[in-house]
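In UniProt numbering, the protein residues as written are 1 to 236. All C-beta atoms, glycine included, are put in the ideal place defined by N, C-alpha and C.
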Ligand code: ATP
């Protein structure tokens, strides 16, 4: 498969603090790559680096084009959408209004088709169409954040801990939806997740970060089966 995203020697940090010390990783076109690791390992910083929110060194190739050092909005225009860990929905607005903002770049006829696709993937959001986003459950807010990002029709979706703070059943539901999105949309996903087991089930490829360095990488299925890795790094 052609590479959608290729990071080479990626370094990043905050002011004088270096957080990422030269990461190499890949996301295949239409594939899912999981970034795993303990708190503070640098997973969120990696997503911020890819979307131009922190200063970086090294190469970040999106569809072969080096986007390192570009402004966030220029990177977004090249087809990258980011769902940050704070989720990023407009709490005062309804589900419908959030959808319309997500789709602002689309033309009218496409908007309707895109909304219908989202309703198929996220039936709960359709049921809560006129409800204010701030009154949705945590899981529904996460769904809304993902739907809004998908309405931009990205090539690459960055997802920061979609399971954060959610009950196990709703986490299962969200991962079920993500499996469908993966099968039906062709979007590539770079997923940061604390729930290693679920992330490895969904992903093709995975990287384990420890204090800003990749310590394990490979096909997700192999990492899942590797008992030594599971015990040393994943804690299950
Ligand atoms: P978590 O799961 O806890 O979010 P993470 O793997 O995503 O962990 P990061 O959030 O990328 O880790 O943080 C990596 C390191 O960078 C941490 O030591 C953190 O304290 C530091 N860091 C994160 N954000 C900032 C910031 N805005 N300014 C300075 N240091 C930061």
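Annotation: the continuous alpha helix (DSSP H) that includes residue 118 extends over 108-121. DSSP, reduced to helix, strand and coil, places residue 67 outside both helices and strands of the structure shown, so it counts as coil. A buried status is given to residue 121, since no fewer than 16 other beta-carbon atoms sit within 10 Å of its beta-carbon. Distance from the Cα of residue 78 is smallest, within the candidate group 171, 65, 88, 182, for 65. Put simply, the stretch 117-132 touches the stretch 84-97. At least three CB pairs are less than 8 Å apart. In this structure the stretch 34-51 does not lie against the stretch 224-232, because fewer than three pairs of beta carbons, one per stretch, are closer than 8 Å. In this chain, residue 3 is not harboured by any alpha helix (DSSP H); it is covered by the beta strand (DSSP E) spanning 3-14. Under the three-state reduction of DSSP output, residue 137 falls in the coil class, being neither helix nor strand. With a contact defined as Cβ atoms closer than 8 Å, residue 49 and residue 12 qualify at about 4 Å. Distance from the CA atom of residue 213 to the CA atom of residue 182, rounded to whole angstroms, is 27 Å.
Secondary structure note for residue 187: it is in no beta strand (DSSP E), with a DSSP letter that is neither H nor E. Counted as a single uninterrupted DSSP element, the stretch harbouring residue 92 is not any alpha helix (DSSP H), since DSSP gives it neither H nor E. Below 8 Å, enough C-beta pairs join the stretch 79-88 and the stretch 149-162 to call them touching: three or more. Residue 26 is bridged by DSSP to 6. Around residue 145, the same chain offers 83, 87, 88, 89 as residues with beta carbons nearer than 8 Å, after the five sequence neighbours per side are excluded.
At the C-beta level, residue 62 and residue 199 stay beyond 8 Å of one another. Straight-line spacing of the CA atoms in residue 14 and residue 54 works out to 7 Å. In this structure, 5 is the residue among 142, 20, 5 with its C-alpha nearest to the C-alpha of residue 32.
With a 10 Å radius around the Cβ and a threshold of 16 neighbouring Cβ atoms, residue 205 comes out buried. Assignment of residue 213 by DSSP, reduced to helix, strand and coil, places it in the strand class. Secondary structure at residue 236: coil, using DSSP grouped into helix, strand and coil.
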